[in-house]
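Read the structure below first, then the notes.
In this note's numbering, the protein residues as written are 3 to 116.
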């Protein structure tokens with residue numbers, strides 16, 4: 003006769019499952035805290051010449067744009083390119099920050115896609 007162990011789980015599997023739920027709960031709590039932190043961050047991007055600064059929060063939401071008076075004399079096309087460069091710099095810094103913080107939060111977990 004073979005012995006059956008409830009749903010095919012041994013005691014060790016139940017312990018693993020409980021541990022996985024505990025880790026998932028910790029990640030969920032950490033994600034809420036991280037979301038709040040990202041909303042409060044001020045991440046600054048600049049154009050190469052430093053004439054335009056763009057500030058985003060950690061969720062890539064725009065917070066401010068500062069344009070130097072010197073940039074205004076460049077003309078509309080050049081100013082547009084300068085603003086776009088500052089926006090790109092801020093976006094790249096913001097996404098790198100978010101990615102890094104998510105990696106810290108999920109380190110040690112084997113989650114698909116992260």
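C-beta: ideal position from N, C-alpha, C; glycine also.
Remember, it's a predicted structure, so these values are computed and weren't measured experimentally.
With residue i and residue j assumed to form a contact (beta carbons below 8 angstroms), what rounded beta-carbon distance in angstroms separates them?
i          : j          : result
residue 44 : residue 54 : Going by Cβ atoms, the distance from residue 44 to residue 54 rounds to 16 angstroms, so no, they are not a contact pair.
Distance check for residue j and residue i, CA to CA, integer angstroms please.
i           : j          : result
residue 28  : residue 71 : 49 angstroms
residue 18  : residue 40 : 32 angstroms
residue 26  : residue 75 : 54 angstroms
residue 109 : residue 95 : 21 angstroms
residue 144 : residue 69 : Nothing about residue 144 can be read from this structure; the chain reaches only from 3 to 116.
residue 59  : residue 30 : 21 angstroms
residue 78  : residue 50 : 17 angstroms
residue 88  : residue 42 : 20 angstroms
residue 105 : residue 24 : 18 angstroms
residue 16  : residue 34 : 27 angstroms
residue 66  : residue 38 : 19 angstroms
Measuring CB to CB, does residue i end up less than 8 angstroms from residue j?
i          : j           : result
residue 97 : residue 62  : yes
residue 52 : residue 92  : no
residue 36 : residue 107 : yes
Does DSSP classify residue i as helix, strand or coil?
i          : result
residue 63 : coil
residue 52 : coil
residue 75 : coil
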